[in-house]
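Engineer:
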Ligand SMILES: *[C@@H]1O[C@H](CO)[C@@H](O)[C@H](O)[C@H]1NC(C)=O
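Written out as structure tokens, the structure reads:
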């Protein structure tokens, strides 16, 4: 009986997702999706990593009243902060407000956001025996609030710009789960890779499977492009990046594509942003991702040579450049866009915007991108 009920609810949810899909408002500005697919654009699309964030006073206001993860878990609040940068700036994309650490939470770990510190895991994974405490069964069912926020946001956007969904990549999530928060060295996680290779692989595979389920759910909920954040790629040597990160990143793309195909659901473009992995752009270009995000250490012209003509590039102004005068921000942005060119390019920063960034820098950046070519 329980099983029949569960199946019924699942089928209803599926039907619901498709029924809602049909009612989404028509997209008015599709430059982001066109750029991702390699089609001509009216203007170079621009969005900014962490564009819904602490540099906005209206975001700070919401944060004063609500805990970080409460905002993530409450679709109305998540949508409100997702909308905030779009009210101020002429952006070409929206990205659902959430956090990469919702996956470790769904796997049963406690994650708290501490002011001035960042995410904290009171009980990180210490030894491989701790893997038994993780709860991969039904993990995606504990993330339906993200799908609800995505669906709500698609309606709120009224087709103004596309909505991006996202996830952390396996190595980056493994790092947080073992270090217990952000780390400057990833020392403990690297010990896992050398001392417990089998268990590391097991954990990375568990994360990969949860991520595929999670992204499938995001597409069904209405995400129009998906970005994978491998933010901690910078801690790995090229060999280790290729060995420990890349196979799982490839699996995510392959398995998700297969999963959607089986259900006759159209795929959406996917972006890989592996911060600090400019050493492996050629390899990244072979993984099936439509867009490769670049950090600011990579030269646009060299990146294009590495990835060839059939990949879209995204990036890559140094977030620290946003502290310069508007004239300097305008000049640097214009130079950057001209180096990348109008084809197969999405303008962005080379990492998330920082909390102290002046609003005028965002205004200048967006305007300069649109006027560069
Ligand atoms: C790029 O795509 C075109 C059209 O599909 C194809 O003919 C060409 O061989 C591709 N180039 C590379 C370098 O993969």
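Numbering (UniProt numbering), first residue to last: 1 to 373. For every residue, glycine included, the Cβ atom is placed at its ideal position computed from N, Cα and C.
1. Is residue 309 a contact residue of ligand 1, with contact defined as CB to any heavy atom under 7 angstroms?
2. Sort out for me which residues DSSP pairs residue 228 with in a bridge.
3. Tell me, which residues are paired with residue 341 by DSSP?
4. Under a three-way DSSP split, which group does residue 372 fall into?
5. Who are the Cβ neighbours of residue 287 in its own chain at under 8 angstroms, not counting the five residues just before and after it?
6. So is residue 222 buried or exposed if we call it buried at 16+ other beta carbons inside 10 Å?
7. Which partner residues of residue 291 appear in the DSSP bridge assignment?
8. Find the nearest neighbour of residue 50 within the set 356, 369, 367, 372, judged by alpha-carbon distance.
9. Name the one or two DSSP bridge partners that residue 112 has.
10. Who are residue 181's beta bridge partners in DSSP?
11. In the DSSP output, what is residue 46 paired with across the bridge?
12. Classify residue 63: buried if its beta carbon has 16 or more other beta carbons within 10 angstroms, exposed otherwise.
13. Mind the definition here: the region 150-168 touches the region 79-91 only if three or more C-beta pairs lie below 8 angstroms; say whether that holds.
14. Does the Cβ of residue 359 have 16 or more other Cβ atoms within 10 Å, making it buried, or fewer, making it exposed?
15. Using alpha carbons as the reference points, say which of 294, 255, 132, 276 lies closest to residue 242.
16. Quick check: what's the CA-CA separation for residue 95 versus residue 195?
17. Nearest to residue 398 by alpha carbon, out of 232, 123, 152, 332?
18. Can you list, in chain order, the residues of its chain with a C-beta nearer than 6 angstroms to that of residue 152? Leave out the 5 residues immediately preceding and following it.
19. In angstroms with no decimal places, state the Cα-to-Cα distance between residue 141 and residue 111.
Structural biologist: The structure says:
1. yes
2. 167, 272
3. Note: residue 341 sits in no beta bridge, so no partner.
4. helix
5. 246, 249, 250, 253, 272
6. buried
7. 271, 312
8. 356
9. 120
10. 120
11. 347
12. buried
13. yes
14. exposed
15. 276
16. 38 angstroms
17. As shown, the chain starts at 1 and ends at 373. That puts residue 398 outside it, with no answer to give.
18. 75, 79
19. 18 angstroms
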